[in-house]
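Per the working numbering, the sequence shown runs over residues 408 to 1138. We treat Cβ as the ideally placed atom computed from N, Cα and C, and that holds for glycine. What follows is a single structure, written as structure tokens, with notes after it.
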Amino acid sequence: MNNSLSRRNFLKTSITASGALVVGFTVPGITKGKSEESQNSWQINAWLELDKNGQLTFIIDRVEMGQGTMTGLTTLVAEELDIAPESIKTRFAPAGTDYRNPIFGLQMTGGSTSIVAAWAPIREAAAGLRILLASAAAEVWQVSQQECSVSEGMVFHASKEPLSWSKLIPVATNKYLLGDIPLKPASEFKYIGKRNQRTDSQPKSFGQADYGIDTQIPGMVYSLVIRSPYVGGSLKNLNANNARLSKGVIDIFPISQGIAVVAESYWQARKASSLVDAEWEPGRAGKISSDNVFDLYAQEMEKDDAKVVREVGDYDSAKKSATTITAEYKAPFLAHATMEPQNCVAHVSEYGIEIWAPTQAPDLAQVAASRASDFSPSDVFIHTTYLGGGFGRRIVQDFVAEAVEISDKIRKPVKLVWSREDDTRHDHYRPAALHRMTGTLDEQGMPQLWHHKVACPTLMDWIIKDAAPAMFSIMPKWSYGTLAKIGIAAQGTLAPEDYSPWEGADTIAYDFPAIKLDYAKVDPGIPVTYWRSVGNSHNAFAIESFIDELAHAGKQSPLTLRQKLLHNHPRARNVLDTAADKAGWGKQPAERFLGIGFHFSFDTWVCQIANVSVSADSFKVEKVTCVVDCGTVVNPDIVRAQMESGIIFGLTAALHGEITLKDGQVQQSNFHDYPALRIHEIPEIDVHIVESREPPTGVGEPGLPPIAPAVTNAVFAATGQRLRNLPLKLA
């Protein structure tokens, strides 16, 4: 994360702007804490609250969807206050500008940024509280602040009776922080990098964690939406006469995305939905089929107007080298398949809207709710719940908008639940992508030219309608459409550029004499959004597979060629060499074959070596060795778990994942035809973490991109077959 303000300047700015209490390198909007007897707690800043009993509450501004954010962020607070993480209460933040992710300018959890963005601000907020408490105790005792220590809810002095934090609130609230806030040095860390226990394991294990789908409020009714079988299709005719007679039905009516069926229970709504007779029109994508998508991509690639993303060296000279190698790789659309289907409880009243939702972006949910009603985003209150998986799917707020539209119609609290079939057929998918690779080799077999051309849609076009108004929340509601158009037109200037199509392809560390990266934008009208590791998921497949092809064409070991091309990148080279050593490269049994996948994403280096066995017309991934350099590690067990999770998620996609279309309709519907990796298919996974004192980098997503090419390269070593299309199937 690049900050334009130094720590000292930001701190001074915060004090000047608020004229009151500031704790840490913190967000705008902090006010002076109050200790009037009428209040039960001291709201220290946007994140920390201390009550009269000494209970510290941490208000988490990122969501917990299984990735360990709650544990990691709480650990940062615990470290600076020298308090056990499990003693800190937590609650999820409401939607609010104070809680925006500074990397995105939105209150969004994604991009493996939770720890990265919080590393300085959250620690300084907690360290600021530590200083205030020590200063307050020093005043009470009339001693030097440097003689006071803070830990485990108390302030200590060698010659005084310890004081609890709660007793110091009246004094601490009148204290101010001046200058930089010193943080604990790494040499004194007690919890960061040394603690594996998760703070969310108990509530999840004992049913105390409330997911969106668990939400129950008084007077709530249930709803589902019947959607067009066509992607983006619209309603032509509706006959619900018989369905309205079904038991428990409250109402049936058209909404923006289909037909709402409202009943006293979910199953009553589901039963009634089978009696609805509807006729549908195809949507923007028409009656497109999967083959047509790649035909469109190929046609666009033939044009001369592709965007040149990166160009290094003398392309024309490098193109004249002794040998030219070309290859084409295809990656299909992919669904997110979260274990918890999309759901939302919405209550629209005359006063505003209240929402309970498992959303990755509460401020985008506010905008979506506003769009679906007559209310402004400021009239929408979001209760963020635990998420049963996200992977980027819950950045899109279609499920929130539907629930609000239905509640607005009937003016009752409504619980909307998508079925698994709804979730699979009406997802916003990982884009399908086509990659054309060209490389040249000199007489010694060393690469001279690297030319990568990718065709796929951009993601921003599909989320900008909610993202732009959320980012510019002061703008009136009537300007939302204009904001979205400006956001699309001004990418790279007034608005951030959507680099998702070439993500990971523009940052390859391999040193080629000449590099060219082109992007051809093609949007066939299939809804798309962020999917775990985003563009890295398909770019790494093409890049690492083609590196392997160049190595074999140049009669070099895939490991040796990578080592040569990484000679200027010591961190990357160390990760590669460590992985080769831990996997026993060149020492495996004769019946096992190894393949390398190496990728840099989310500022994290990951190398994976797949160990594959082959029998007849099938192969099996027996073991994956993974080495990761993610800077300073907050929780080693979570890093390992995220690498394992990324590998399993990536293997699911590599071996099984494929959303196909026929005549404008998605062919898959549930786990029987869009399967997840089964237990017997999961390989042994051996994760090694590189020790580092660098700032922490992402871990939630970078474990995924290397696995598919690692497997394809191992399969080639075993069979001589190049698998260039996902999912992987032997001929």
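message: Going by DSSP in three states, Trp687 sits in which element: helix, strand or coil?
response: Position 280 of the sequence shown, counting from 1, holds the residue named residue 687. It is a strand residue.
- prompt: For the alpha helix (DSSP H) that Val578 lies in, which residues bound it at each end?
  reply: Within the sequence shown, the letter at position 171 stands for residue 578. Val578: member of the alpha helix (DSSP H) spanning Ile576 to Ala579, first to last residue.
- prompt: Which runs of the alpha helix (DSSP H) spanning at least 4 residues fall entirely within the region 617-678, listed in chain order?
  reply: DSSP runs (the alpha helix (DSSP H)) wholly in the region 617-678: 648-651.
Inter-stretch contact (C-beta, 8 Å, three-pair minimum) for the region 1093-1107 and the region 506-526: At 8 Å Cβ cutoff, the stretches touch.
Unbroken alpha helix (DSSP H) run spanning Asn750, endpoints: Locating residue 750 in the sequence shown gives position 343, counting from the first residue. Not the alpha helix (DSSP H): Asn750 falls in the beta strand (DSSP E), residues Asn750 to Val755.
task: Could you tell me which residues DSSP puts in a beta bridge with Lys928?
output: As a first step, residue 928 must be located in the sequence shown, where it is residue number 521. In the DSSP output, where bridge partners are listed per residue, Lys928 has Cys863.
message: Which residues does DSSP list as the beta-bridge partners of Asp1036?
response: As a first step, residue 1036 must be located in the sequence shown, where it is residue number 629. Asp1036 pairs with Trp1012.
message: By the three-class DSSP mapping on this structure, what secondary structure does Asp458 have?
response: For this step, residue 458 is matched to residue 51 along the sequence shown. Strand, per DSSP.
- prompt: When the Cα atoms are used, what is the spatial distance from Val669 to Pro625?
  reply: For the purposes of this step, residue 669 is identified with residue 262 of the sequence shown, where counting begins at 1. For the purposes of this step, residue 625 is identified with residue 218 of the sequence shown, where counting begins at 1. If I take the Cα positions, the gap works out to 16 Å.
- request: Could you tell me how far apart the beta carbons of Pro1134 and Leu1062 are, in whole angstroms, since I believe they sit closer than 8 Å?
  value: Within the sequence shown, the letter at position 727 stands for residue 1134. Within the sequence shown, the letter at position 655 stands for residue 1062. About 6 Å separates the two Cβ atoms, so the contact holds.
- prompt: From Asn1077, Gln1049 and Gly503, pick the residue whose C-alpha is nearest to that of Phe771; which is it?
  reply: Taking the sequence shown and counting its residues from 1, one reaches residue 771 at position 364. The residue you asked about is not Phe; residue 771 is Leu in the sequence shown. Nearest of Asn1077, Gln1049 and Gly503 to Leu771, Cα basis: Gly503.
Beta-carbon contacts of Thr745 that lie in its chain and below 7 Å, excluding the five residues immediately before and after: Position 338 of the sequence shown, counted from the first residue, corresponds to residue 745. Setting aside the 5 residues that flank it on each side, Thr745 is surrounded in the same chain by Gly795, Gly796, Gly797, Phe798 and Arg800, each with a C-beta closer than 7 Å to its C-beta; the list follows chain order.
message: Helix, strand or coil, according to DSSP, for Phe1078 in the structure here?
response: One-based indexing of the sequence shown puts residue 1078 at position 671. For Phe1078, the secondary structure class from DSSP, reduced to helix, strand or coil, is coil.
task: Thinking Leu480 and Arg469 are a contact (beta carbons under 8 Å), I'd like their distance in whole angstroms, please.
output: On the sequence shown, residue 480 is found 73 positions in, with the first residue counted as 1. On the sequence shown, residue 469 is found 62 positions in, with the first residue counted as 1. Confirmed, about 7 Å.
query: Beta carbon of Ser573, beta carbon of His564: below 9 Å?
result: As a position in the sequence shown, residue 573 is number 166, starting the count at 1. As a position in the sequence shown, residue 564 is number 157, starting the count at 1. In this structure, His564 does not lie closer than 9 Å to Ser573 by Cβ.
task: Alpha carbon to alpha carbon, how far is Lys1030 from Phe432? Give it in angstroms, no decimals.
output: Numbered from its first residue, the sequence shown carries residue 432 at position 25. Numbered from its first residue, the sequence shown carries residue 1030 at position 623. Bear in mind that a pLDDT of 29 at Phe432, under 50, signals an unreliable position, so the number given afterwards is only what the model happens to contain. Rounded to whole angstroms, the gap between the alpha carbons of Phe432 and Lys1030 is 44 Å.
- request: Identify whether Val562 lies in helix, strand or coil by the three-state DSSP scheme.
  value: Looking up residue 562 in the sequence shown gives position 155. In this structure, Val562 counts as strand in the three-state DSSP scheme.
- request: Measuring alpha carbon to alpha carbon, tell me which of Lys714, Gly600 and Ser663 ends up nearest Ser1099.
  value: For this step, residue 1099 is matched to residue 692 along the sequence shown. Checking every option, the nearest Cα to that of Ser1099 belongs to Gly600.
For His1095, the first and last residue of its enclosing beta strand (DSSP E): Residue mapping note: residue 1095 aligns to position 688 of the sequence shown, counting from 1. Taken as a continuous stretch (DSSP letters only), the beta strand (DSSP E) holding His1095 covers Glu1091 to Ile1096.
Nearest candidate by alpha-carbon position, reference Ala875, set Glu904, Asp849, Leu856 and Met853: Within the sequence shown, the letter at position 468 stands for residue 875. Of the listed residues, the one whose Cα sits closest to Ala875 is Glu904.
task: Could you say if the region 1073-1085 and the region 645-656 meet the contact criterion of at least three C-beta pairs nearer than 8 Å?
output: Touching, no, given that fewer than three Cβ pairs across the two stretches are closer than 8 Å.
- prompt: What span of residues does the beta strand (DSSP E) with Leu539 cover, start to end?
  reply: Residue 539 sits at position 132 when you count from the first residue of the sequence shown. Run containing Leu539: none in the beta strand (DSSP E); it sits in the alpha helix (DSSP H), Pro528 to Trp548.
query: What's the C-alpha gap between Tyr758 and Ser783?
result: Taking the first residue of the sequence shown as position 1, residue 758 is located at position 351. Taking the first residue of the sequence shown as position 1, residue 783 is located at position 376. Just so you know, the alpha carbons of Tyr758 and Ser783 end up roughly 11 Å apart.
query: Among the residues of its own chain, which have a CB less than 7 Å from the CB of Asp658, if the five just before and after it don't count?
result: Translated into the one-based positions of the sequence shown, residue 658 becomes position 251. Correct list, in chain order: Val669 and Ile817.
query: Quick one: what does DSSP say His945 is sitting in, helix, strand or coil?
result: Within the sequence shown, the letter at position 538 stands for residue 945. In the three-state reduction of the DSSP assignment, His945 falls in the helix class.
- prompt: Is the beta carbon of Phe810 less than 9 Å from the beta carbon of Leu841?
  reply: Stepping through the sequence shown from its first residue, residue 810 is reached at position 403. Stepping through the sequence shown from its first residue, residue 841 is reached at position 434. For the record, residue 810 in the displayed sequence is Ala; it is not Phe. No, these two residues do not count as a Cβ contact at 9 Å.
message: At the level of alpha carbons, what is the spacing between Asn1132 and Ile1114?
response: The residue labelled residue 1132 in the question sits at position 725 within the sequence shown. The residue labelled residue 1114 in the question sits at position 707 within the sequence shown. Those two C-alpha atoms are separated by around 14 Å.
- request: Find out if the Cβ-Cβ distance for the pair Arg832, Ser1076 is shorter than 9 Å.
  value: One-based indexing of the sequence shown puts residue 832 at position 425. One-based indexing of the sequence shown puts residue 1076 at position 669. At the C-beta level, Arg832 and Ser1076 come within 9 Å of one another.
query: Is the region 913-926 touching the region 720-727, taking contact as three or more C-beta pairs under 8 Å?
result: In this structure the region 913-926 touches the region 720-727; the number of beta carbon pairs closer than 8 Å is three or more.
message: Our contact map puts Leu957 next to Ile732 with C-beta atoms below 8 Å; I'd like the distance itself, whole angstroms only.
response: By one-based count along the sequence shown, residue 957 stands at place 550. By one-based count along the sequence shown, residue 732 stands at place 325. The Cβ separation is near 6 Å, so the contact holds.
task: To the nearest angstrom, report how far apart Gly690 and Gly639 are at their CA atoms.
output: Sequence index remark: in the sequence shown, residue 690 carries index 283 (1-based). Sequence index remark: in the sequence shown, residue 639 carries index 232 (1-based). Their backbone Cα atoms lie some 5 Å apart in a straight line.
query: Does the Cβ of Arg1085 have 16 or more other Cβ atoms within 10 Å, making it buried, or fewer, making it exposed?
result: In the sequence shown, the residue the question calls residue 1085 occupies position 678. In the assembly as shown, Arg1085 is an exposed residue. Its beta-carbon has fewer than 16 other beta-carbons within 10 Å.
query: Can you list, in chain order, the residues of its chain whose CB lies under 6 Å from that of Ser952, leaving out five sequence neighbours each side?
result: Mapped onto the sequence shown, residue 952 falls at position 545. Same-chain partners within the cutoff: Pro1116 and Thr1119.
- prompt: In or out: Glu1101 buried (at least 16 other Cβ within 10 Å) or exposed?
  reply: Locating residue 1101 in the sequence shown gives position 694, where the first residue counts as 1. Looking at its Cβ environment, which holds fewer than 16 other Cβ atoms inside 10 Å, Glu1101 is exposed.
query: Span of the beta strand (DSSP E) holding Val824?
result: As a first step, residue 824 is located in the sequence shown; it is residue number 417 there, counting from the start. Annotation for Val824: the continuous beta strand (DSSP E) segment containing it runs Val821 to Val824.
field: Candidates Ile576, Gln963 and Ile954: closest to Lys459 by CA position
entry: Here residue 459 corresponds to residue number 52 of the sequence shown, with the count starting at 1. With respect to the C-alpha of Lys459, the residue from Ile576, Gln963 and Ile954 having the closest C-alpha is Ile576.
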